[in-house]
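Residues in the sequence shown are numbered consecutively from 1, following our numbering.
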Amino acid sequence: MRMSCLATIMTLAPMTLQGCGGGTTVHPDASVQPDAFELDGTWVYLGPSDGPHMLKISNGSMVYADIDGQWSSNWTMKDYDNGLHHFQVVFESGTGTYLPVGQNMSGTYAMTGAELTVQLANGLGSYAPMRSPGSCTEGSTFIPDCRLYVKQ
Numbered sequence: 001m002r003m004s005c006l007a008t009i010m011t012l013a014p015m016t017l018q019g020c021g022g023g024t025t026v027h028p029d030a031s032v033q034p035d036a037f038e039l040d041g042t043w044v045y046l047g048p049s050d051g052p053h054m055l056k057i058s059n060g061s062m063v064y065a066d067i068d069g070q071w072s073s074n075w076t077m078k079d080y081d082n083g084l085h086h087f088q089v090v091f092e093s094g095t096g097t098y099l100p101v102g103q104n105m106s107g108t109y110a111m112t113g114a115e116l117t118v119q120l121a122n123g124l125g126s127y128a129p130m131r132s133p134g135s136c137t138e139g140s141t142f143i144p145d146c147r148l149y150v151k152q
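In structure tokens, the structure reads:
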């Protein structure tokens, strides 16, 4: 009896444990889409140092465009996380002396109502810490690669 009980446990245990463990969980319904990026829309640059421009985010792309049409840059959204307030973009094309400069960027953001603070980092490997939400200064010092926007 002990032997048959042990044999039953050994037979059932692997079947029970199948599927347990690490790895990516694939949702059975492929039509389920991730949440839309919460920054989708048009943003007007407020400062502190780049020239006046607009930032349009929609359908997985970001377009930075000078108000006077002197420059623009197009970026493709590689990844974003609304919960962590992060995004990653890859450079596609640019005209004029465009901003921002780089091939890939990671961004950290804070949004309060219609105001947006973005801190950029070159590359896709790390995110800049959000040092001063709602501001691009710490005391009298400007925070590098920080930008303020308001939703249009």
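Backbone N, C-alpha and C fix where the C-beta goes; we use that ideal spot for every residue, glycine too.
Item to check | Alpha carbon of His-27 to alpha carbon of Lys-78, nearest angstrom | outcome: Taking the first residue of the sequence shown as position 1, residue 27 is located at position 27. Taking the first residue of the sequence shown as position 1, residue 78 is located at position 78. Bear in mind that the predicted position of His-27 carries a pLDDT of just 37, short of 50, making it too unreliable to give a figure here.
Item to check | Rounded Cβ spacing between Tyr-80 and Phe-87 (contact assumed at less than 8 Å) | outcome: The residue given as residue 80 occupies position 80 in the sequence shown. The residue given as residue 87 occupies position 87 in the sequence shown. Confirmed, about 4 Å.
Next on the checklist: Under 7 Å: does the beta carbon of Gly-102 sit that close to some heavy atom of the ligand COA?
Outcome noted: As far as ligands go, the structure on display features none, and thus does not contain the ligand COA.
Item to check | Residues that Ala-174 bridges to, as DSSP identifies them | outcome: In the structure as shown, the chain starts at 1 and stops at 152, and residue 174 therefore has no counterpart that could be examined.
Next on the checklist: Please identify the residue among Gly-125, Thr-108, Ala-121, Tyr-127 whose C-alpha is closest to the C-alpha of Gly-134.
Outcome noted: Position 134 of the sequence shown, counted from the first residue, corresponds to residue 134. Residue nearest to Gly-134 within the set Gly-125, Thr-108, Ala-121, Tyr-127 is Thr-108 (criterion: CA-CA distance).
Checklist entry - My guess is that Glu-92 and Trp-71 are in contact by the Cβ rule of under 8 Å, so how many angstroms apart are they, rounded? => result The residue given as residue 92 occupies position 92 in the sequence shown. The residue given as residue 71 occupies position 71 in the sequence shown. At roughly 14 Å, the Cβ-Cβ gap does not stay under 8 Å, so Glu-92 and Trp-71 are not in contact.
Next on the checklist: Tell me the DSSP secondary structure of Arg-147 in three-state form.
Outcome noted: Taking the sequence shown and counting its residues from 1, one reaches residue 147 at position 147. Strand.
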